[in-house]
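Position one of the sequence shown corresponds to residue 417 (my numbering), numbered consecutively onward.
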Amino acid sequence: MAQPVALNDAAQAAAARPAPPSREALLPDEVLALYAFTGATLAGLAGGFALMMMLFWGKAPTKLFLAWAALFIGLWFVRIVLARAFRHAYKHGPAMAWARWQLRWNVLTLSSAAAWGLSGWLFYSQAIGIQQTGLILTIYTFCIAVVPVLGNHPRMFVAYVAICFTPLVVRIAMGGDAYSVQLAGMLAVIVSLTTALARNYRHTLQRLLEHKLRADNLAAQLRVEKAAAEAARQEAEVANRAKTQFFTAASHDLRQPLHAMGLFAEALRQRVHEPEVANLVNSINASVDALEGLFSELLDITRIDAGGIDVRPQSFEVEDILRKLRLHFEPTAFEKGLALTLRGGTRVVHADPLLVERILRNLVSNAIRYTNDGGVLVAARARGGKVILQVWDSGLGIREEEQARVFEEFYQVPNTPAVAPHQRKGLGLGLAIVKRLADLMGAPLTLRSRSGHGTVFTLELPTGTRPKPSLSALSSGGVPGLTLAGRSIVVVEDEPAVRAGLEVLLQGWGARVFSFDSMADSVAWADAADRAQIRPDVLIVDYRLESGRNGVEAIAALRARFGAAVPAIVVTGSTMSTLDKEAQDKDFHLLLKPVVPNKLRAMIAFKLGVKPQR
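As structure tokens, then:
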């Protein structure tokens, strides 16, 4: 019996499915990408060498330091020669021995790692105080810097980090005293977390690349094989859903090492007690924050591309979203000294509330990031049977010639001045996500801006029918006159590394910390505590706790013992949190993992009603 035509077509489509690209096929692009980093590598090495000169010239033995400097400079010039030779061969050579050029690059990179490892071995014992701290952070910075370069080459990355950092850790441990052993152990943990981050980074990128290549090949196949069009379309949808499911499932696991790494970096600063280290630690925290932002934005873009977002319009009051925006962004605006104003909450629109909220979150985040003075206004008003949602800021503005491109993926406005010493430019996906979400709803999105005078984004939505009256807005008032120093903070966190990092961090800020790994232990302590002597000033709880319990339940139990007015913060790894309504009703704030220490500090200061010290 002959098989049905549809089944034959499906079988042919499955047989023609492209296989994942081979290593040999990807090798030219990988080698080109490696040599493309030559300029940045040379600049970074030059900066590191200049820092070593400032730290150790006149401190280390002159002959020893000059010998190391000669080795370092020699490797630096060899990199220049190798890069020029590669460019010449690529431009004029009839064929490229890609594997040989990769081997040369690898050898030179490992040689540079050996030079840094040698510096840690030779100079740590020659240094004291700030020199030791500067040496540690310099070498670790070069370990972090190679994550985007070597993240897709796991063996090479592990070899580089081992050669670069191990001699320093061993030399520190050889000090023999308790401080040296503790510091060496902490550095070993940080390096392990960095390695885990690189591994997760590689796996994520590989999966994303494979799915993208398969999707491209399927698209080409659809244009020439009309008989298999329906089967290919269904298969592509399955692949895209699998990609989205992968990113969603990996979200918590990827955020956890980022969260712990940021806490341990700040804990390192507290341990060494050197004020000069603050800028370097802030740079590490900013890098963690940038990685978290990149992951979240990639997750959103992937979900949109996969068609994983359904538009579900309904009528709702704009006030419902404005309350969430105030809850989320008021601490950040408070930290920067900006006024966050929200108006027009009584307007009613007919749209998808989750998508509108996501759009406004991105726009407000951008507005706060690029505004140094003045404030940010979110307003809703009626116009011609429509409701106009606008986000105004008094920030840097966008030049007219750049406005047509700001909604493109990965596009960043060139020559944008730094908004603050500790802040980085965005990743180029936020406004692209805003535009894609607005298009999904069929809602016109426009912008007006003047360079140096601020920007206004306008979203046009249809008017809806008024629903039942919503709850009144939460009060954002703090408790004036309190300071963090000497305050009592309760931490409930079941992840040992994160809990340890929080303890050291909060104690370094002057707080008295009571930490527990379960809700049951925290409640038992509260029952036994002398309430006349102990009353928590802030509760910091992880959302996911032991035995299916959660942070909201822990807050309720602790407030039952200490009073409903105790400020509370819930830490969660969910990017599309459904906790906003519960946070409003039960009076707590949310922080997304990974929590950069500066953000945690700003949130605690906001909950206590005090301005954090910088």
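Glycine is no exception: its CB is placed at the ideal position from the N, C-alpha and C atoms.
For clarity, every value in this text was computed on a predicted model and none was experimentally measured.
Item                                                                                                         : Value
DSSP state of Glu641 mapped onto helix, strand, coil                                                         : coil
Reduced DSSP secondary structure (H/G/I, E/B, other) of Leu553                                               : helix
Opposing strand residues paired with Gln806 [DSSP bridges]                                                   : Ala795, Thr874
Three-state secondary structure assigned by DSSP to Asn1014                                                  : helix
DSSP three-state assignment for Val1026, whether helix, strand or coil                                       : coil
Alpha-carbon spacing of Arg739 relative to Met469, whole angstroms                                           : 53 Å
Length of the line joining the Cα atoms of Glu919 and Val954                                                 : 14 Å
Cβ contact check for the region 586-593 and the region 560-570: 3 or more pairs under 8 Å                    : no
Bridge partner(s) assigned by DSSP for His766                                                                : Ser731
DSSP state of Pro965 mapped onto helix, strand, coil                                                         : The residue asked about is misnamed: residue 965 is Arg in this sequence, not Pro. The answer is coil: DSSP assigns Arg965 none of H, G, I, E or B.
Beta-carbon proximity of Val968 to Glu998, cut-off 9 Å                                                       : yes
Proximity below 9 Å, CB of Ile555 to CB of Leu584                                                            : yes
Pro885 burial status per 10 Å Cβ neighbour count (16 or more: buried)                                        : With a pLDDT of 48 at Pro885, under the threshold of 50, the predicted position of this residue should be treated as unreliable, though the coordinate-derived value follows. Label assigned to Pro885: exposed.
Secondary structure of His1005, DSSP reduced to three states                                                 : strand
Cβ pair Val986, Leu1006 closer than 9 Å                                                                      : yes
Length at least 3, wholly inside the region 909-961: the beta strand (DSSP E) runs in chain order            : 928-932, 954-958
Arg797, buried or exposed, once every other Cβ within 10 Å from all chains shown has been counted against 16 : exposed
Assigned secondary structure, Met1019 (DSSP; H/G/I helix, E/B strand, else coil)                             : helix
Proximity below 9 Å, CB of Tyr959 to CB of Leu995                                                            : yes
Beta-carbon gap between Phe539 and Leu553 smaller than 9 Å                                                   : no
Assumed close pair Asp910, Ser938 - CB separation to whole angstroms, cut-off 8 Å                            : That pair is no contact at about 11 Å.
Cutoff 6 Å; reference Ala530; Cβ partners in own chain excluding five residues on either side                : Ile579
Delimiting residues of the beta strand (DSSP E) encompassing Ala755                                          : 755-759
Whether Leu412 touches Trp492 by CB criterion (9 Å)                                                          : Lying before the first or after the last residue shown, residue 412 is absent from the chain, which here runs from 417 to 1030.
Cβ neighbours of Val877 in the same chain (closer than 6 Å, five flanking residues each side left out)       : Residue identity check: residue 877 is Leu in the sequence provided, not Val. Val765, Ala767, Val803, Ala859.
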